[in-house]
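Here the sequence shown is numbered in the working numbering, starting from 286 and rising by one per residue.
Note that the Cβ used here is the ideal one computed from N, Cα and C, for glycine as well.
Working notes, beginning with the structure itself.
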Amino acid sequence: MAQNAFLPVLAARGGGIGGIVRWFIQIVIYDICITGIQDILGVSRMVALFIFLGIMLLVAFVGYLLRKKMSGQADADI
286 MAQNAFLPVL
296 AARGGGIGGI
306 VRWFIQIVIY
316 DICITGIQDI
326 LGVSRMVALF
336 IFLGIMLLVA
346 FVGYLLRKKM
356 SGQADADI
């Protein structure tokens with residue numbers, strides 16, 4: 286009975302089976318991307334991982350700059 290008490294908490298936070306499935310899907314997608322970089326460039330898996338992380342960092346930085354630029358324009362319209 287105590288185990289069932291935690292199920293609504295996990296479901297409310299997006300955990301449970303759905304969260305585990307989502308996590309596995311993300312891992313598979315990341316693995317496909319890293320393997321693709323490894324095969325295309327002919328580098329080791331560790332180098333491909335760092336290239337992938339660099340690309341993700343670049344995308345996040347560009348998104349940050351765009352958000353900062355758009356939020357400044359949104360404040361000017363008010």
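So, with DSSP's three-state summary, where would you put residue i?
{"i": "M286", "result": "A caution first: M286 carries a pLDDT of 48, below 50, which makes its placement in the model too unreliable to give a value."}
{"i": "L351", "result": "helix"}
{"i": "G357", "result": "helix"}
{"i": "G339", "result": "helix"}
{"i": "G327", "result": "coil"}
Relative to the C-alpha of residue i, which candidate in the options has its C-alpha closest?
{"i": "Q323", "options": "A333, D316, Y315", "result": "A333"}
{"i": "L338", "options": "C318, G327, G348, L326", "result": "C318"}
Work out the CA separation of residue j and residue i for me, nearest whole Å.
{"i": "I310", "j": "D316", "result": "10 Å"}
{"i": "G348", "j": "M341", "result": "11 Å"}
{"i": "I305", "j": "V313", "result": "12 Å"}
Might you give, ordered along the chain, the residues of its own chain that have their beta carbon closer than 8 Å to the beta carbon of residue i, omitting 5 neighbours on each side?
{"i": "M286", "result": "The predicted model places M286 with a pLDDT of 48, which falls under 50 and marks its position as unreliable; any figure quoted below should be read in that light. Around M286: no qualifying Cβ."}
CB-CB under 6 Å to residue i, same chain, minus the five flanking residues each way: which ones, in chain order?
{"i": "I336", "result": "I322"}
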